[in-house]
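Enquirer:
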Amino acid sequence: MKLDVLVVGAGLAGAAFAAALRGSSLKIGIIEARPPYRPPGWDPRIYAISPSNADFLATIGIWPHLNANRITPVYDMEIHGDAGGRLDLSAYDCGLRELAWIVESSLMQQELWETVKRQHNVTLLCPAEPSTLAIDDDTARLTLADGRHLETRLIVAADGRDSWVRQAATIEARNTPYGEKGVVANFRCEKPHRNTAFQWFRKDGVLAYLPLPEQQMSIVWSAPDALADELAALPPTELCARVAEAGQHRLGALELVTPAAAFALRLMRVETVVRPRLALIGDAAHAIHPLSGHGINLGYQDARVLAEQLATLPAWRDPGELSILRAYARARAEETALLQYTTHGLNRLFKPADPLLSGLRNFGLNLTNRLPVVRNALMRYAIAGRF
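If you read the sequence shown in the working numbering, its first letter stands for residue 1465, the second for the next number, and so on.
(1) Hey, out of I1535, E1575, A1749 and Y1556, whose CA is closest to V1567's CA?
(2) Please report the distance separating the alpha-carbon of A1532 from that of L1576.
(3) Is it buried or exposed, S1514, if we count other Cβ atoms within 10 angstroms and call 16 or more buried?
(4) Which residue wins for smallest C-alpha separation from Q1680, given the options F1665, G1716, A1633 and G1646?
(5) Is it right to say Q1712 is buried, meaning 16 or more other beta carbons lie within 10 angstroms of its own, or is it exposed?
(6) Can you tell which of P1591, A1767, V1586 and R1781 has its C-alpha closest to the C-alpha of N1517?
(7) Would R1617 and A1604 be called neighbours here (beta carbons separated by less than 9 Å)?
(8) I need the boundaries of the alpha helix (DSSP H) containing C1704, first residue and last residue.
(9) For the beta strand (DSSP E) containing G1478, name the first residue and the last one.
(10) How close, in whole Å, do the beta carbons of V1648 and I1599 come, if the pair is a contact with beta carbons under 8 Å?
(11) Contact between the region 1741–1748 and the region 1758–1778: three or more CB pairs below 8 Å?
(12) Between which two residues does the alpha helix (DSSP H) carrying R1630 extend?
(13) Going by DSSP, what residue range makes up the beta strand (DSSP E) through P1515?
(14) Apart from the five residues on each side of it in sequence, which residues of its chain come closer than 7 Å, Cβ to Cβ, to P1499?
(15) So, using beta-carbon positions, are V1629 and L1597 closer together than 9 Å?
(16) Spell out whether any CB of chain B is found under 9 Å from the CB atom of R1605.
(17) At the level of alpha carbons, what is the spacing between P1699 and R1652?
(18) If you draw a straight line from the C-alpha of I1543 to the C-alpha of E1654, how long is it?
(19) Could you tell me if D1579 is buried or exposed, where buried requires 16 or more neighbouring beta carbons within 10 angstroms of its beta carbon?
(20) Go through its chain and collect everything with a Cβ distance to W1664's Cβ below 6 Å, but skip five positions before and after it.
(21) Hey, how far is the Cα of E1562 from the Cα of T1607?
(22) Which residues in the same chain as S1489 place their Cβ atom closer than 8 Å to its Cβ, once the five residues preceding and following it in sequence are excluded?
(23) For W1527, list the residues DSSP reports as bridge partners.
(24) Note down, in chain order, each residue of its chain lying with its Cβ closer than 7 Å to the Cβ of K1491, except the 5 sequence neighbours on either side.
(25) Closest by CA to A1555, which one among V1538, D1546 and G1549?
(26) Tell whether a beta-carbon distance below 9 Å holds between I1495 and E1593.
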């Protein structure tokens, strides 16, 4: 089979990239090991989608089809330091409709999958797994585990943090383990959250409450490995008590809705996101600490920018040309580096128990909170940007 673009991985970034090319004449293939799974009840994998990415998903026809009863806008956010520091963010004060939207991963994945299934210029290869990859001057050749052979002018690696394509192309990834895991779970709350997100920089990690519909909320607790394993193994009543206490009982008593799960956290930077006939997007291209909630937003913007680069090409241009792919890499470099180093720096800043450093970081939060012009300008910059 001969293609113009072959996407390996139909996760959120990969499927969004293909959907963004729905009006293109490019012939696109997507390789995925299995169709997306929509768990019963609520998905513990929750993302905070920035307004700019909600607009992107609307542009490619996804957002209007998501179940509005399972999406929550965030209008306010409270950020608490580990020694009395506090920063309050308000969409209203910043002149914004909302700060973010809280959406289940599988809800977006299912709609993206259904969209690309209907797309006239997309061939879905599922179930399928890659086996070998060879790239020369004119073509990238990929063999599937079942023996099928594919030829394409461009391969887009969207196959996650442990990307098979990235490894097959011998692109080096530098991983910095945090010695932490992110613990996720959903809860029913005694008190209404009023569309407010909460974040606590604690001595034992960073805890976030993200609002869900029906007076529920989701947590992401980035904690040292031993504590994270302990939390994930707790009986439901004990976990609810620990999470409520850690969140200063801000939402009252909690009732567990989905079991806790934990995943390892690491910073990942790659030596390059493009090679001739190859581009990395999403988690295949970068991994950041979840305390900012921007990992998925980076992936969606990778998809948007690369799709825009290809969609505007004249018919005679080769989508796998290195000059075209380098333009994509340049366009994504600043935002990716900024978020990687900012989240990494915040993690390092709030980790040490040094009393002097604790005083300085909490003073910084309080000072920013008392300067509305500075606080709101920072918020508008973040929201108006592509994250």
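Every residue gets a Cβ at the ideal spot worked out from N, C-alpha and C, and that includes glycine.
Expert: In terms of the structure at hand:
(1) Checked all of I1535, E1575, A1749 and Y1556; the closest Cα to V1567 is I1535.
(2) Distance from the CA atom of A1532 to the CA atom of L1576, rounded to whole angstroms, is 16 Å.
(3) Buried, by the Cβ-count rule.
(4) Looking from the CA of Q1680, the closest CA among F1665, G1716, A1633 and G1646 belongs to G1716.
(5) If you draw a 10 Å sphere on the C-beta of Q1712, you find fewer than 16 other C-beta atoms in it, and that means exposed.
(6) It is A1767.
(7) Result yes, Cβ atoms of R1617 and A1604 sit closer than 9 Å.
(8) Residues P1700 to A1710.
(9) Segment L1476 to A1484 is the alpha helix (DSSP H) holding G1478; no beta strand (DSSP E) there.
(10) Contact between V1648 and I1599 is ruled out by a C-beta separation of about 37 Å, above the 8 Å threshold.
(11) Result yes; three or more Cβ-Cβ pairs closer than 8 Å.
(12) That run of the alpha helix (DSSP H) goes W1628 to A1632.
(13) Element bounds for P1515: not the beta strand (DSSP E) but the alpha helix (DSSP H), P1515 to T1523.
(14) Answer for P1499: W1577 and C1590, listed in chain order.
(15) Contact: yes.
(16) Given the protein chain composition of this structure (a single chain), no chain B is represented.
(17) Their backbone Cα atoms lie some 16 Å apart in a straight line.
(18) Distance between the alpha carbons of I1543 and E1654 is about 21 Å.
(19) For clarity, residue 1579 is Thr in the given sequence; the question names Asp instead. That one is buried.
(20) If we look at W1664 and ignore the five residues flanking it on each side, its Cβ neighbours are H1544 and L1671.
(21) Whole-angstrom Cα-Cα distance: 46 Å.
(22) So the list reads N1585 and A1779, once near-sequence residues are dropped.
(23) In the DSSP output, where bridge partners are listed per residue, W1527 has none listed.
(24) Correct list, in chain order: L1467, D1468 and N1585.
(25) Measuring from the Cα of A1555, the nearest candidate turns out to be V1538.
(26) It is a contact, given that the beta carbons lie within the stated cut-off.
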